[in-house]
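Residue numbers (numbering that gives the first Met the number 0), protein chains in the order written: chain A, 0 to 375; chain B, 0 to 157; chain C, 0 to 179; chain D, 0 to 380. Just so you know, even glycine gets a beta-carbon here, dropped at the ideal spot from N, CA and C. All remarks here apply to the structure that follows.
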Amino acid sequence: MSNVTLYSVSYLLSDTVLRAIGSVLPRPLSAWITNADLITGIAVLVFGALLLAASMLNTIVLIWWERKLLGRFMDRRGAMHVGYAGLLQNFADGFKLFRKTTVQPRDADSLGFYTGPTAYMVTSMILFGILPISSGWNSGVLPLSLLLALAVFSFAPLFIFVSAWSSNNKYSLMGGMRSAAQMIAYEVPLLLAVVAVVIVAGSFDLTTIVYEQQNYWFWGPLVVALVVFFAGMLAEMERIPFDLPEAEAELVEGWNTEYGGMLFAFFMLADYLRALVGSILVVLLFLGGWTLPTWVPAALTSFPLAGIVWFMVKTYIVFGVFVWIRASLPRVRTDQLLRVGWNRMIPLSLLSVFLAALLVTVKCLPVFGCVPSLGV
Amino acid sequence: MQPADLERALAPKLGAGLIGVEPFEGMAGRVRFHREAALDLFRTVREDLGFAHLSMVGGIDWVTHREVFYVVWSDDANQYLVLSTDLPAEDAHVESASGVWPSANWHERETWEMVDVTFDHHPDLRHLLVPDGYVFHPLLRSFKLHEPEELEVKSRHV
Amino acid sequence: MAGRAAVPFVEIEALRVKEFIPAAKEALTALIAEQGQARLIRPVFNWAGRNSLFPLHWGLACCAIEFAAGFGARWDAERFGVVPRSSPRQCDLMIVNGTVTWKVAHKLITLYEQMPEPKWVIAMGNCATGGGPFRTAYSVVPGVDKLVPVDVYIAGCPPRPEAMLDGILRLEQLIRERKE
Amino acid sequence: MSEMWINMGPQHPMTHGLWNLRVRIDGETVLDVDPEMGYLHRGIEKISEDRHYNEVITLMDRTCYVAGLAWEHLYIIAAEKALRIQPPERADYLRMMCEEFQRIGSHLMWYAAFVQDIGLMSPFLYGMRDRDLVLDLFQSYTGARMTYEYMRVGGVRNDLPPGFTDQARKVLDWLVPRFKEYDQLCLGSDIFHKRCDHLGVLSASDCIRHGVTGPMLRSAGVKRDLRKNRPYSLYKEVDFDVAVADGADVTARYLVRMEEMRQSVRILRQVVDWLDAHPGPVMAETVPRWMGAPYAPVGREGYLLKRQYPKGVGFSSIEEPHGEAQAYVVNEGGEHPYRVKFRSPVFANLSAARTYLVGYHVADIPPIMGSVDVCVGECDR
């Protein structure tokens with residue numbers, strides 16, 4: 000299984016199709032169309048399209064998962080009449096939003112109004128190309144993929160602020176300001192928590208980080224970093240209790256108040272894409288990625304696509320925890336949020352970096368591999 | 000507190016401004032006064048008698064004249080008291096109680112727009128319930144509601 | 000058929016850059032209209048539109064409480080994909096749940112106009128339908144259909160949440176029949 | 000950011016109704032507020048002048064749509080005083096039961112709305128779920144979920160159906176552990192305390208200056224509950240405590256309302272037991288048939304008996320779920336009341352908005368206004 004990767008599949012696809020076309024075409028054209036560069040180029044495009052389709056599908060299923068889970072937490076059922084168990088509900092929402100008129104407010108800044116959501120959406124989708132889902136489903140070895148992912152991840156406040164400002168609504172503006180302040184405040188502890196992981200794993204490459212967790216998952220030794228990372232992710236994803244930019248009670252719909260139709264759909268999709276990316280990062284960095292402990296029977300890990308399946312199971316469970324938090328916690332206030340961010344989270348993340356360095360220095364990490372409850 | 004007690008307490012302060020205190024079911028009494036003595040009465044009732052809480056201000060249009068009544072309560076005496084004054088319909092104005100009881104503010108705004116009684120020295124006499132610029136005073140007896148049948152006929156013609 | 004579909008592409012070159020986007024949109028729309036709208040796209044969008052009606056989240060009067068109860072655990076309107084949104088830009092459906100007074104009338108019209116097309120209105124309860132018990136009052140609009148076009152009327156004072164759900168389902172049926 | 004005015008309303012998730020809070024803010028700090036009311040002004044006082052005494056009850060349900068029976072009770076007491084009618088004892092107990100169940104229903108509705116204001120999502124559903132059980136009880140003897148038209152001048156419309164008291168006990172038994180769950184969800188969370196402690200403080204003296212009553216006044220430590228201080232109906236027969244807290248903030252109001260629900264359960268158990276033991280008439284003997292008829296007679300002939308009633312003024316004040324409501328009914332001997340004036344507790348509580356909102360954050364407005372428990376219907380009438 001390990002040598003079948005997403006890229007090899009798409010290369011095979013592009014190779015086969017192009018050669019088939021080339022075989023029926025006259026000579027000069029067929030040589031041009033079976034050119035290796037072209038095959039590679041098409042393969043990359045196919046690869047991207049597959050990633051895009053997978054990410055979109057995942058996002059939509061994630062929204063469904065959240066709605067159903069939230070419904071159950073709230074003693075009701077959630078969407079259930081459109082498609083089987085409401086599975087088609089989000090497709091209906093998407094198509095409907097696609098058809099709706101996009102209303103641009105009279106005094107809105109047209110450039111920012113359209114660029115903001117689009118850029119937000121695009122930057123969120125780029126992340127999917129970077130993150131490895133399994134040993135086969137990745138974009139090859141990127142030595143600094145973790146840093147790249149986090150860098151792209153932190154584009155969001157800019158675009159949120161641009162779209163909030165340009166929609167010329169006071170509530171949007173306040174939401175945008177809150178969003179920018181919050182994301183910047185939580186960027187720092189998030190990165191420091193990641194540094195702890197990098198110290199232990201010794202690499203910035205996500206694939207390597209996962210393979211480093213073959214013996215023990217990192218949440219055991221790095222539990223402080225996990226807590227900081229999780230809280231930081233909650234803030235970055237703007238979910239309750241940190242959903243101040245969209246705080247429905249005071250700012251009507253937050254920074255997307257003036258957006259309707261497809262642009263609003265962009266925001267929705269990108270939000271959930273980011274939520275998905277957040278859950279994936281938690282799984283990659285702390286929960287062993289697509290690997291399973293060795294005491295798990297081999298039958299459970301050796302079927303085709305087992306890596307992807309287990310990875311998705313883990314991701315959805317992590318996202319379920321996010322939903323659980325959303326269902327049971329009130330929202331904090333902006334100043335409290337920022338105070339927690341700067342005064343509590345940063346010392347905690349520094350502590351986690353220190354602990355990680357200590358663990359590596361005294362070489363007691365293998366101990367975690369011997370305790371069955373902590374992975375392996 | 001009985002109406003007689005009230006009259007004894009109020010008469011020296013108000014003099015001719017006090018018309019009398021009548022018994023009222025479920026209350027300490029009903030103080031009737033001339034509008035010139037309004038502010039004195041409010042102060043006396045609030046500070047000397049301890050009726051610190053103004054519950055409501057309302058107006059009644061008796062066609063010939065208009066009545067404004069104030070319901071106040073005292074926590075210590077555990078009693079309600081009604082203060083009421085009659086105003087001529089063509090010149091209905093009385094001193095505002097909002098300087099004595101801040102809670103009178105909105106009640107007086109409402110009474111002004113509903114029964115057309117002006118409150119002198121009111122800090123903020125704007126429309127409260129009906130839209131700005133509304134010229135009618137709905138709770139006057141001369142303001143008639145349209146009959147449903149009438150409206151039916153009208154809409155049929157439209 | 001082909002003649003009409005081919006119109007804009009040549010002319011686009013000549014147009015100024017500023018007019019490119021509307022022209023392209025027009026071209027695309029024309030293309031879609033010719034090719035598959037009637038058979039493929041329209042039914043899909045119709046299905047999507049009727050299965051995901053986002054009502055405006057607001058409460059006018061008594062019916063608003065039943066409106067809220069309809070989203071509660073017992074009735075759970077979200078089963079049908081009905082999710083209230085607070086911003087009119089993200090809504091397709093305005094449920095007028097209560098008495099409309101003249102003071103709020105122009106705000107109601109503003110909200111209606113802020114909603115993007117296609118949009119629908121449900122008059123929930125007797126007050127919104129025809130003034131209800133306050134029909135004779137000086138401050139009440141006798142029926143919201145004097146202000147905005149209404150698609151479905153729900154009787155009751157207030158209608159039970161079941162009746163509200165029934166109204167929404169009837170609106171879905173209406174959308175299906177209109178084949179918009 | 001410089002100072003600016005924002006309009007929170009009339010369509011805003013914070014308002015829970017139809018009113019507009021104009022807020023002047025600097026950044027996120029509230030500098031000034033100006034509530035703008037009247038978006039739901041339906042002229043109920045004017046329409047009442049055009050209606051028969053029993054027809055006004057229809058309007059009372061709609062005046063405060065979350066506490067319809069309490070407002071019916073308020074009006075009925077005043078009208079009976081104005082008309083000099085005494086209801087039978089069982090009717091009074093039934094009215095008390097209605098009011099207490101309505102208090103639970105209203106407070107559950109408040110809970111559902113309030114937790115949403117601080118961002119708690121699921122308790123909204125829990126509150127609505129449990130409120131529906133109370134509404135089911137109402138439905139079993141009045142036939143309606145929200146607009147009951149149950150009380151009549153001189154008594155109540157009909158007696159309880161068989162088996163009602165057992166069902167009521169079952170609901171009460173279900174509710175008591177739920178209150179504990181609510182407390183765990185709110186008070187058990189540190190974020191709740193961070194958000195709500197020392198927020199929207201309105202001291203006892205300010206409450207009295209601005210005419211604020213009800214749970215807001217009791218949360219400031221003033222032990223004033225009309226059911227205890229000036230027992231109307233038959234509240235002196237039942238045993239209960241007045242819920243008081245001393246924080247004068249949002250948390251204190253939460254505690255007061257929660258405790259009130261528990262006390263209501265306590266009252267209800269006594270009332271339901273009494274109702275089981277004492278069957279009897281529910282309509283006063285002296286009332287002519289048309290007064291207590293479930294449906295108003297066709298045509299106006301039935302109203303001719305009006306002349307028997309002397310002129311009079313009726314005043315009543317009850318402890319409505321939102322605070323102290325008062326009615327002033329002037330009877331001039333006609334078939335309609337000459338003038339009906341209501342004092343809505345929410346009206347007074349909102350008029351003090353400037354006192355308890357200025358100086359806090361924009362994000363604090365929803366919890367504070369949630370803790371005030373705004374019902375626009377009764378405020379604008």
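C-beta contact flag for C:R78 and A:R76 at 8 Å = yes
Just curious, the beta strand (DSSP E) that D:V32 is in, first and last residue?
-> T28 to E35
Can you round the beta-carbon distance between C:I64 and D:Y64 to whole angstroms, since I take them to be within the 8 Å contact cut?
-> 6 Å
Which residue from B:P22, B:V71, B:D85 and B:F32 puts its Cα closest to that of B:V14?
-> Looking at the sequence shown, residue 14 of chain B is not Val but Gly. For B:G14, the nearest C-alpha among the options comes from B:F32.
Run down chain C in chain order and give the residues with a C-beta less than 8 Å from the C-beta of D:G42.
-> F133, A136, Y137, S138 and V139
Kindly indicate which three-state DSSP category A:V16 falls into: helix, strand or coil?
-> helix
Bridge partner(s) assigned by DSSP for D:M3 | D:I24
Nearest residue (CA-CA) to C:E176, options C:K24, C:A127, C:A22 and C:W46 | C:W46
Measuring CA to CA, which of A:Y215, A:R26, A:S162 and A:Y6 is closest to A:L384?
-> Because chain A here runs from 0 to 375, residue 384 of chain A falls outside it and cannot be looked at.
According to the Cβ coordinates, are B:F113 and B:H145 closer than 8 Å?
-> Reading off the sequence, residue 113 of chain B comes out as Met, not Phe. No. Outside cutoff.
Closer than 9 Å, Cβ to Cβ, to anything on chain A: give me those residues from the stretch 82-105 of chain C, in chain order.
-> V82, R84, S85, S86, P87, R88, Q89, C90 and D91
Got a sec: is the Cβ-Cβ distance from D:S101 to anything in chain C below 8 Å?
-> According to the sequence shown, residue 101 of chain D is Gln rather than Ser. It does not; no Cβ of chain C falls within 8 Å.
Tell me the start and end of each unbroken alpha helix (DSSP H) in the stretch 308-369 of chain D that is at least 4 residues and wholly inside, in chain order.
-> 344-350 and 352-356
At a Cβ threshold of 8 Å, is A:Q103 touching chain C?
-> no
Per-residue contacts from D:M145 into chain C (C-beta, under 8 Å) | C61, I64, E65 and P157
Unbroken alpha helix (DSSP H) runs of length 4 or more, entirely within the stretch 24-91 of chain C: which are they?
-> 41-50 and 61-69
Where A:R105 sits in the DSSP three-state scheme | coil
Using a beta-carbon distance cut-off of less than 9 Å, what residues from the stretch 22-48 of chain B approach chain D?
-> F23, E24, G25, M26 and R29
Would you say D:N228 reaches chain B, if we count a Cβ-Cβ gap shorter than 8 Å as a contact?
-> yes
Mind pulling the chain D residues with CB within less than 7 Å of A:I249?
-> The question names Ile, but residue 249 of chain A is Glu in the sequence shown. M13, V361, A362, I364 and P365, listed in chain order.
Please look up how many angstroms separate the CB atoms of D:A69 and D:P320, rounded, as I've assumed it's under 8 Å.
-> 6 Å
C-alpha distance - B:A27 paired with D:P230, whole-angstrom precision | 16 Å
Residue-level contact to chain A via CB, D:F341, 8 Å cutoff = no
Sorted by chain position, which residues of the same chain lie with C-beta nearer than 7 Å to A:W213's C-beta, five sequence neighbours on each side aside?
-> Per the sequence presented here, residue 213 of chain A reads as Gln, with Trp not at that position. Counting only Cβ-Cβ distances below 7 Å, and skipping sequence neighbours, we find T290.
Inside the stretch 58-123 of chain B only - beta strand (DSSP E) runs reaching at least 3 residues = 64-73, 78-87, 92-94 and 117-119
In terms of residue numbering, what span does the beta strand (DSSP E) encompassing D:Y125 cover?
-> Taken as a continuous stretch (DSSP letters only), D:Y125 belongs to no beta strand (DSSP E), being part of the alpha helix (DSSP H) at S121 to T141.
Taking C:W57 as the query, report the chain D residues whose CB atoms sit under 7 Å from its CB, ordered along the chain.
-> Q10
Using 8 Å as the Cβ pair cut-off and three pairs as the minimum, do the stretch 327-341 of chain A and the stretch 226-239 of chain A touch?
-> yes
Determine the closest residue to A:S123 out of A:L336, A:Y271, A:V282 and A:W309, with distance taken between C-alpha atoms.
-> A:Y271
Would you kindly work out how many angstroms separate the C-alpha atoms of D:H277 and D:R89, rounded to a whole number?
-> 7 Å
Taking three-plus beta-carbon pairs below 8 Å as touching, is the stretch 213-229 of chain D in contact with the stretch 115-135 of chain B?
-> no
For B:N77, does the count of other Cβ atoms within 10 angstroms reach 16, so buried, or fall short, so exposed?
-> exposed
Compare the beta carbon distance of D:E377 and D:V339 with 8 Å and say whether it is the shorter of the two.
-> no
Contact set between the stretch 68-86 of chain B and chain C, restricted to residues whose Cβ is under 7 Å from the partner | none
Tell me, to the nearest whole angstrom, how far the beta carbon of C:V143 is from that of C:A127; I am working on the premise that it is less than 8 Å.
-> 5 Å
Of the choices A:F310, A:V23 and A:A184, whose alpha-carbon is the least far from that of A:R343?
-> A:A184
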